[in-house]
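Report on the structure given below.
Residue numbers (my numbering): 8 to 195.
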């Protein structure tokens, strides 16, 4: 048995999943008023590094340790019902379980009246998608290495934890400072 990331009735196809998500969520991007230097509990937000349908991701610095991290900020106003909130809770629960060198490391999560915050490892070199867009294709040797890393992460998810990611794409494969992959986005 494979446990799906969304602990709801599994859609038959990916297209049905997209329809399910857009029927059950209000498309509402977060308030764009967060500026570099803004503070949230324990962190100073730096620049915006990513955006999804229901969240924005910022590079941040942990105040006490001065370690750079990524903070995913999910606006509660975009979660229109209990099932939507359950998807976010699911993502957090799954991220807490993960411990693999090629999967993004979860640090902590917390919330306030307006947002849910997920703190995680920062991938210095961005996504595979942005790398290809900027630099063109990977050479054959690098491609082989990345593919082996992806297989290692997928084997861990599927065979050890019985988790199906269901959204593997270049935007969800990040690169650390050494250009090793970090698989991310286990929910929305």
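Where is the CB? At the ideal position from N, CA and C, for every residue including glycine.
For residue i, count neighbouring Cβ atoms within 10 angstroms of its own Cβ and tell me buried if that reaches 16, exposed if not.
i	result
residue 113	buried
residue 44	exposed
residue 160	buried
What first and last residue would you give for the beta strand (DSSP E) that runs through residue i?
i	result
residue 86	That residue, residue 86, is in no beta strand (DSSP E); it is neither H nor E in DSSP.
residue 188	188–190
residue 44	That residue, residue 44, is in no beta strand (DSSP E); it is neither H nor E in DSSP.
residue 58	50–58
residue 105	No beta strand (DSSP E) holds residue 105; DSSP gives it neither H nor E.
Whole angstroms are fine: how far does the CA of residue j sit from the CA of residue i?
i	j	result
residue 168	residue 182	23 Å
residue 70	residue 51	7 Å
residue 175	residue 85	23 Å
residue 157	residue 186	12 Å
residue 164	residue 107	9 Å
residue 180	residue 109	9 Å
residue 127	residue 73	14 Å
residue 58	residue 130	15 Å
residue 125	residue 92	14 Å
residue 172	residue 193	6 Å
residue 191	residue 76	14 Å
residue 47	residue 111	21 Å
residue 184	residue 133	9 Å
For the alpha helix (DSSP H) that residue i lies in, which residues bound it at each end?
i	result
residue 132	Looking at the DSSP string, residue 132 is not in any alpha helix (DSSP H), and its letter there is neither H nor E.
residue 67	From DSSP, residue 67 is part of no alpha helix (DSSP H) but of the beta strand (DSSP E) over 62–69.
residue 116	First-last for residue 116: 113–118, but that is the beta strand (DSSP E), not the alpha helix (DSSP H).
residue 164	Counting along the chain, residue 164 falls outside any alpha helix (DSSP H), and DSSP gives it neither H nor E.
| query | For the segment 93–108 against the segment 140–153, are there 3 or more C-beta pairs whose distance is under 8 Å? | reply | no
| Are the segment 132–142 and the segment 63–81 touching, with three or more C-beta to C-beta distances below 8 Å? | no
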